[in-house]
Amino acid sequence: MSDPATPLLTTPLDALHRDLGGKMVPFAGYAMPVQYPAGILAEHLHTRAAAGLFDVSHMGQVELAGPGIAAWLETLVPGDIQSLGLGRTRYTVFTNDQGGIRDDLMVSKLAEDRLFLVVNAACKQADIAHLRAHLPAGLALTERTDRALLALQGPRAAEAMATLAPEAPAMGFMSIRPLSVAGIDCLATRSGYTGEDGWEISAPADRAADVARALLAHPAVRPVGLGARDSLRLEAGLCLYGADIDTATTPVEAGLSWVIGKRRREQGGFPGAAVVQRQLRDGPPRLRVGLRPDGRAPARAHTEITDPEGNRLGEVTSGGFGPSVDGPVAMGYIPAAAARPGHAVKLVVRGKPLDARVTEMPFVPHRYFKP
Amino acid sequence: MSDVRFTKDHEWIRVEGDLGTVGITDYAQHQLGDIVFVDLPEPGRDLAQGGEAAVVESVKAASEVYTPVAGTVTENNDALADQPALVNQSPEDGAWFFRLRLADPAQLAGLMDRAAYDEYVKGLE
C-alpha cells in the first residue's frame with residue numbers, strides 16, 4: 005500500500021510497542037504491531053476471556069463544528085445524525101454517487117454544533133479531502149493529530165477501567181464523554197470493533213503511553229496486535245473497509261441497511277440515495293453473507309464461491325481461522341437468492357472445491373454492554 | 124546415522140537410505156506464528172525439486188512449503204490434520220510433513236548442513 009521508499013509513520017505508542025516486544029509491520033503507512041510475543045491466537049482468546057489493549061492511533065480523528073453541522077454531515081452519509089442524542093455515538097458510512105461506500109466511520113455528538121468522527125487509517129486523507137471539498141463557510145474541520153486512540157476490549161474491560169476512571173462503567177453502549185483516565189483528560193466512547201464490551205479512548209498524544217501503561221498494569225489487561233484485531237472483528241461479523249466493503253458495494257448489499265435512518269430512507273439526500281432507495285425497495289442483487297467451511301481449511305479473501313455444480317456465485321472478501329470458533333470462518337458476496345442460512349456452497353481453495361454453508365453472523369455472539 | 128539438510132526456504136529433510144522425511148524448521152514455525160491448518164501432499168504424488176508440496180496456514184496467512192529434493196510421496200503425517208499446533212511444538216521432530224522416495228540423491232549436495240543453515244538464519248536476524 006505504501007511506497008517502500010517512504011518512511012513509515014509511527015504512533016505515539018511506538019516505543020511502548022517495541023518495549024513490549026511487538027512485531028512491527030507496515031499497515032496503512034504506519035509501523036504497527038501485528039502481534040506481541042504471546043501470538044495472535046493467545047491475544048485473540050485473551051481478549052474474549054479478559055481484556056485486550058489495542059493501539060488504533062493510526063485511525064483518523066476529526067472534529068466538525070458549526071451551526072447545522074449534523075444536517076450538513078447528512079449530505080454525505082445516510083445515517084440519521086440530526087436525531088443522534090448528545091453524548092451518543094453511531095456507526096455510519098460515507099457513500100458515493102453510485103451508493104458505494106467510501107469509508108465506514110463512527111460519529112459522536114459532543115455538543116449540538118460539534119461532532120467527533122473516527123475514520124479508517126487508509127481512508128483518512130481521502131475522507132478529510134472529501135469533507136473539506138464540501139464544507140461550507142461557517143463550518144470548521146479539525147484533524148486531531150494531537151491525539152492517540154486506544155481500544156480496551158473484553159469482558160473484563162469494565163473492571164480495568166473502573167480502577168482508573170470510576171465513571172466509566174456507568175457509560176451506556178455507544179455513548180461518549182470526556183473522561184479522566186489515570187488522571188489524564190481523555191475522550192472515551194463505550195464501543196469497539198471486536199464484538200465485546202469495551203472502550204475507545206482518545207488521549208493526548210504526549211500522554212497516551214501513560215494511559216496505556218496504566219491500563220496494562222491491571223492484571224486482566226494484555227497488549228493485543230492488529231492480527232488478533234482482524235480475527236476478532238471477523239468472528240464478530242464486522243466489515244473491514246477495503247475488503248468487505250468498498251466503493252463498489254452499497255450499504256444494502258453489505259447488510260448494513262440498519263445504518264440508514266428511517267427518515268433518510270424516505271427523504272434521501274445523501275450521495276447515491278437513488279440507488280440505495282431502489283435496493284431497499286426491490287432488494288439488492290447480492291448480499292454479504294457469513295460462510296462456514298465444513299472442514300478445517302481456511303478460505304481467505306478472493307477465494308471463489310460457487311454453487312454445488314461449480315457455477316460462480318462470488319468471492320470471499322475476508323476469511324481465516326476463528327480462534328474462538330476453533331475453525332475457519334469467512335464472509336463474502338453471493339446473489340441475494342442464494343443468501344439463505346444453511347444454503348450449501350463450495351469454496352475453491354487451491355483449486356479444490358470444499359463444502360461450506362451460508363450462515364448467520366456474527367460467528368461469535370456480541371457481548372456489548374447492556375445495563 | 125541420518126543426515127539432515129536444510130533449504131533457504133526453511134524446510135529440512137532427514138535422509139535414511141533413499142527415503143527422505145521433510146518438515147519446516149523451528150525458525151520457520153516461529154516466523155509463521157500459530158499454525159491452524161496444514162495441507163499435505165497425497166502418497167503417490169511426484170514432486171519436482173523446489174516444487175510446492177504442502178501449505179501451512181497460520182491465523183494470519185497461508186504459506187507454501189517446497190520440497191527440498193525431487194521424489195515420490197510415500198506417506199504424510201496424519202497427526203497434523205487434527206493437531207496442526209504440533210508444528211509449533213516440535214517442528215523438527217514429531218511434526219514432520221511427508222516422506223518421499225528420492226528421485227536423485229545427488230540433489231542433496233546442493234542443500235545446507237546444520238552449521239551452514241544456522242549461519243544463514245543468523246544473517247536473517
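Order-wise, the sequence lines are chains C and W. Taking the numbering used here, the leading residue of the first sequence gets 5, the next gets one more, and so forth. Taking the numbering used here, the leading residue of the second sequence gets 124, the next gets one more, and so forth. From the three backbone atoms N, C-alpha and C, an ideal C-beta is built for every residue, glycine too.
Determine the direct distance from the alpha carbon of residue j to that of residue i, and round the result to whole angstroms.
{"i": "L170(W)", "j": "T190(W)", "result": "7 angstroms"}
{"i": "A185(W)", "j": "T193(C)", "result": "36 angstroms"}
{"i": "L317(C)", "j": "D311(C)", "result": "6 angstroms"}
{"i": "G381(C)", "j": "V38(C)", "result": "Within the shown structure, residues of chain C are numbered from 5 to 375, placing residue 381(C) beyond reach of any answer."}
{"i": "M5(C)", "j": "V293(C)", "result": "Confidence at M5(C) is low in this model, with a pLDDT of 48, below 50, so its placement is unreliable and no value can be given for it."}
{"i": "I44(C)", "j": "G140(W)", "result": "40 angstroms"}
{"i": "G64(C)", "j": "A32(C)", "result": "11 angstroms"}
{"i": "T307(C)", "j": "L295(C)", "result": "12 angstroms"}
{"i": "N200(W)", "j": "Y240(W)", "result": "24 angstroms"}
{"i": "A161(C)", "j": "M178(C)", "result": "15 angstroms"}
{"i": "W135(W)", "j": "L358(C)", "result": "30 angstroms"}
{"i": "D234(C)", "j": "G233(W)", "result": "41 angstroms"}
{"i": "M124(W)", "j": "L223(W)", "result": "No answer about M124(W) holds up, because its pLDDT of 44 lies below 50 and its placement is not dependable."}
{"i": "T99(C)", "j": "F274(C)", "result": "7 angstroms"}
{"i": "Y243(W)", "j": "A126(C)", "result": "36 angstroms"}
{"i": "P82(C)", "j": "I205(C)", "result": "26 angstroms"}
{"i": "D189(C)", "j": "D150(C)", "result": "13 angstroms"}
{"i": "A42(C)", "j": "T254(C)", "result": "38 angstroms"}
{"i": "D1(C)", "j": "G323(C)", "result": "Within the shown structure, residues of chain C are numbered from 5 to 375, placing residue 1(C) beyond reach of any answer."}
{"i": "P288(C)", "j": "K131(W)", "result": "50 angstroms"}
{"i": "Q212(W)", "j": "T15(C)", "result": "34 angstroms"}
{"i": "G231(C)", "j": "G174(W)", "result": "29 angstroms"}
{"i": "H21(C)", "j": "V29(C)", "result": "11 angstroms"}
{"i": "Q157(C)", "j": "T167(C)", "result": "15 angstroms"}
{"i": "A221(C)", "j": "P332(C)", "result": "34 angstroms"}
{"i": "R128(W)", "j": "P207(W)", "result": "23 angstroms"}
Determine the closest residue to residue i out of the options, with distance taken between C-alpha atoms.
{"i": "A209(C)", "options": "H138(C), Q281(C) and S61(C)", "result": "S61(C)"}
{"i": "V97(C)", "options": "S261(C), P345(C) and R285(C)", "result": "S261(C)"}
{"i": "D131(C)", "options": "T167(C), R106(C) and A152(C)", "result": "R106(C)"}
{"i": "V329(C)", "options": "G336(C), R344(C), R52(C) and V320(C)", "result": "R52(C)"}
{"i": "L247(W)", "options": "R237(W), W135(W) and Q154(W)", "result": "Q154(W)"}
{"i": "L191(C)", "options": "L13(C), F58(C) and R148(C)", "result": "R148(C)"}
{"i": "R304(C)", "options": "P289(C), G326(C), R290(C) and R285(C)", "result": "G326(C)"}
{"i": "I309(C)", "options": "P289(C), A334(C) and P288(C)", "result": "A334(C)"}
{"i": "I85(C)", "options": "R181(C), M110(C), G231(C) and G202(C)", "result": "M110(C)"}
{"i": "N19(C)", "options": "Y372(C), A169(C), H347(C) and D214(C)", "result": "The question names Asn, yet the displayed sequence has Ala at residue 19(C). When only C-alpha atoms are compared, the closest one is D214(C)."}
{"i": "L244(C)", "options": "V123(C), L183(C), L77(C) and E78(C)", "result": "V123(C)"}
{"i": "N315(C)", "options": "A301(C), I338(C) and L145(C)", "result": "I338(C)"}
{"i": "A115(C)", "options": "V349(C), R181(C) and L13(C)", "result": "R181(C)"}
{"i": "A176(W)", "options": "D205(W), P207(W) and G146(W)", "result": "G146(W)"}
{"i": "A348(C)", "options": "K356(C), G336(C), R354(C) and T363(C)", "result": "T363(C)"}
{"i": "Y150(W)", "options": "P166(W), E165(W), H133(W) and V138(W)", "result": "H133(W)"}
{"i": "R94(C)", "options": "A207(C), P369(C) and L77(C)", "result": "L77(C)"}
{"i": "R268(C)", "options": "L80(C), A301(C) and T321(C)", "result": "L80(C)"}
DSSP on residue i, reduced to helix/strand/coil?
{"i": "I85(C)", "result": "coil"}
{"i": "S213(W)", "result": "coil"}
{"i": "L230(C)", "result": "helix"}
{"i": "C243(C)", "result": "coil"}
{"i": "V353(C)", "result": "strand"}
{"i": "V244(W)", "result": "helix"}
{"i": "L45(C)", "result": "helix"}
{"i": "Q65(C)", "result": "strand"}
{"i": "D169(W)", "result": "strand"}
{"i": "M175(C)", "result": "coil"}
{"i": "P302(C)", "result": "coil"}
{"i": "L17(C)", "result": "coil"}
{"i": "A32(C)", "result": "coil"}
{"i": "I249(C)", "result": "strand"}
{"i": "V279(C)", "result": "helix"}
{"i": "Q206(W)", "result": "coil"}
{"i": "M110(C)", "result": "strand"}
Just to check my reading of the structure: residue i and residue j have Cβ atoms closer than 8 angstroms, yes? What is that Cβ distance to the nearest angstrom?
{"i": "T148(W)", "j": "E215(W)", "result": "6 angstroms"}
{"i": "V178(W)", "j": "D162(W)", "result": "4 angstroms"}
{"i": "E239(C)", "j": "P366(C)", "result": "7 angstroms"}
{"i": "D298(C)", "j": "A342(C)", "result": "Going by Cβ atoms, the distance from D298(C) to A342(C) rounds to 17 angstroms, so no, they are not a contact pair."}
{"i": "L4(C)", "j": "V185(C)", "result": "Here chain C covers residues 5 to 375 and nothing more, so residue 4(C) does not appear."}
{"i": "V188(W)", "j": "Q172(W)", "result": "Wrong, their Cβ atoms sit about 14 angstroms apart, outside the cutoff."}
{"i": "G336(C)", "j": "E313(C)", "result": "Not really, about 18 angstroms apart at Cβ, beyond 8 angstroms."}
{"i": "L57(C)", "j": "L219(C)", "result": "5 angstroms"}
{"i": "K113(C)", "j": "G142(C)", "result": "Contact flag wrong, Cβ pair sits at about 19 angstroms."}
Query - Interface positions of the region 174-202 of chain W facing chain C (Cβ-Cβ less than 8 angstroms), listed along the chain - result: Cβ contacts with chain C come from V178, E180, S181, V182, K183, A184 and A185.
* Asked: What are the residues of the region 230-247 of chain W that lie near chain C, defined by any Cβ-Cβ distance shorter than 7 angstroms?
  -> none
- Task: For the region 151-170 of chain W, enumerate the residues whose C-beta is nearer than 8 angstroms to any C-beta of chain C, in chain order.
- Result: G156, D157, V159, F160 and D162
Residues in the region 289-303 of chain C having any Cβ partner in chain W nearer than 7 angstroms
R300, A301 and P302
(Q) If the cut-off is 9 angstroms on Cβ atoms, which residues from the region 231-254 of chain C count as contacting chain W, listed in chain order? (A) If the cut-off is 9 angstroms between Cβ atoms, the region 231-254 of chain C has G231, A232, D234 and S235 near chain W.
Q: Residues of the region 316-344 of chain C with a CB closer than 8 angstroms to any CB of chain W: list them in chain order, please.
A: G324, F325, P327 and P332
The region 31-62 of chain C: which residues have C-beta closer than 9 angstroms to a C-beta of chain W, in chain order? V38, Q39, G43, I44, L45, A46 and H48
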